[in-house]
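Note that the protein sequences, when read in sequence, are chains Y and B.
Each residue of the first sequence is one higher than the one before, counting from 1 in the UniProt record's numbering.
Each residue of the second sequence is one higher than the one before, counting from 1 in the UniProt record's numbering.
Number of protein chains: 2
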Amino acid sequence: MSSSNLFEEKTVRTEQIFQGRIISLQVDEVELPNGSIATREIVRHPGAVAVLPIKGDRMIVVEQYRKPLGKSLVEIPAGKLDGGEDPLEAAKRELMEETGYTCPTIRHVASFYTSPGFADELIHLYVADELVPGQANPDEDEFLEVTEVTLDEAKALIREGRIEDAKTIMAVYAWQLYRLTGSYA
Amino acid sequence: MSSSNLFEEKTVRTEQIFQGRIISLQVDEVELPNGSIATREIVRHPGAVAVLPIKGDRMIVVEQYRKPLGKSLVEIPAGKLDGGEDPLEAAKRELMEETGYTCPTIRHVASFYTSPGFADELIHLYVADELVPGQANPDEDEFLEVTEVTLDEAKALIREGRIEDAKTIMAVYAWQLYRLTGSYA
Chain Y
1 MSSSNLFEEK
11 TVRTEQIFQG
21 RIISLQVDEV
31 ELPNGSIATR
41 EIVRHPGAVA
51 VLPIKGDRMI
61 VVEQYRKPLG
71 KSLVEIPAGK
81 LDGGEDPLEA
91 AKRELMEETG
101 YTCPTIRHVA
111 SFYTSPGFAD
121 ELIHLYVADE
131 LVPGQANPDE
141 DEFLEVTEVT
151 LDEAKALIRE
161 GRIEDAKTIM
171 AVYAWQLYRL
181 TGSYA
Chain B
1 MSSSNLFEEK
11 TVRTEQIFQG
21 RIISLQVDEV
31 ELPNGSIATR
41 EIVRHPGAVA
51 VLPIKGDRMI
61 VVEQYRKPLG
71 KSLVEIPAGK
81 LDGGEDPLEA
91 AKRELMEETG
101 YTCPTIRHVA
111 SFYTSPGFAD
121 ELIHLYVADE
131 LVPGQANPDE
141 DEFLEVTEVT
151 LDEAKALIRE
161 GRIEDAKTIM
171 AVYAWQLYRL
181 TGSYA
């Protein structure tokens, strides 16, 4: 594995297509390593955090409607970074807003790009396993149902296609690894 | 967990913003469960496949430049579905094109939405652990470096932030679970 600029694509031209409330879209014309020209459709996103909340032998999940899919999904608590926000602070905030729980010892598990082919969204995943109950406070345009499931239930929901969110499946795998090895990653 | 239309957001108006070569973008005005109106920025994507290729005690990864990030990433072989293509066939095709290997017994691990907040991209993840060598044949605008890493090396690369792709981290976790439990998921 070599430098992180391997096969760099130099920007020839950038066309700004859309600047939205959350994402923006641009189309870049790029020069490939062989000198030919290609276009790249690129979505910019502010980045996000996700939290695996562990409460005894259960994890806390939230079900919410996802308009891009036209259905609701079962996911771990998550949310966008508010401009310049520290990811750890954002993770604590989202956990509290969506579930009411706080956690003094929230820990980083992994950070990852969700769709590197067309988007720059980076998610920071944390685990919160010392939960202190409190009052949930979702955003005004956010409607959530909070549920708790065991590891076996979560694995079954993945197999049945009822948990079908990438960060949530990754969190369930990390939780199972923790149970087996004592380490989340 | 209730119906998959929980907290449905009814479309009031759709504005088509962009129709690209790969993705499209629309902005929907929606009616929330409390009757108020919100906007949703939605990226449409054809869906993709990813393959974890296991060769003895190593997995095969490819490093390629990702223009949205301005750097190259280490990932498992993956690619978009060609219009209407069967995901299993696409997985076999991508494995062969990017690494040269074929696999008669490729198996499904999980399917997941990568960014359900703003995109409908669905990735189908497979494992290929009976590899037959052959000739790689990448797309003409695709430049790849193929490498092999052990599980311990892959875990270290995740910890060091050198593997930072969601589907690849998920695949490494699934591989470790297979080593520990005999099942990929």
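The beta carbon of each residue, even a glycine, is placed where N, CA and C say it ideally should be.
Treat the numbers as computed from the prediction; the structure is a model and nothing was measured.
- Tell me where the beta strand (DSSP E) around residue 149 of chain B begins and ends. 145–150
- Query: Closer than 7 Å, CB to CB, is residue 71 of chain Y near chain B or not?
  - Reply: yes
- Task: Could you work out which residues of chain C lie near residue 39 of chain Y, taking near to mean beta carbons separated by less than 7 Å?
- Result: Considering every chain present, this structure includes no chain C. Its protein chains are Y and B.
- List the residues of chain Y whose Cβ lies closer than 8 Å to the Cβ of residue 170 of chain B, in chain order. 166, 169, 170, 173
- Item | Contact between the stretch 81–101 of chain Y and the stretch 149–159 of chain Y (3+ Cβ pairs under 8 Å) | no
- Item | Beta-carbon gap between residue 126 of chain Y and residue 165 of chain B smaller than 7 Å | no
- Message: Within 8 Å, do at least three Cβ pairs link the stretch 91–106 of chain B to the stretch 136–143 of chain B?
- Response: yes
- Item | Stretch pair the stretch 65–81 of chain Y + the stretch 27–40 of chain Y: three plus CB contacts closer than 8 Å | no
- Which partner residues of residue 113 of chain Y appear in the DSSP bridge assignment? Y/122, B/165
- With a Cβ-Cβ cutoff of 7 Å, do residue 171 of chain B and residue 52 of chain B count as a contact? yes
- Please check if any C-beta of chain Y sits within less than 7 Å of the C-beta of residue 113 of chain B. yes
- Residues of chain Y with a CB under 8 Å from the CB of residue 116 of chain B: which are they? 66, 68, 69, 73, 75, 165
- Task: Could you pull out every residue in the same chain whose Cβ sits closer than 6 Å to the Cβ of residue 40 of chain B, ignoring the five residues on either side in sequence?
- Result: 28, 30
- Item | Below-7 Å beta-carbon distance, residue 9 of chain Y vs any chain B residue | yes
- CB of residue 128 of chain B within 7 Å of CB of residue 103 of chain B, strictly: yes
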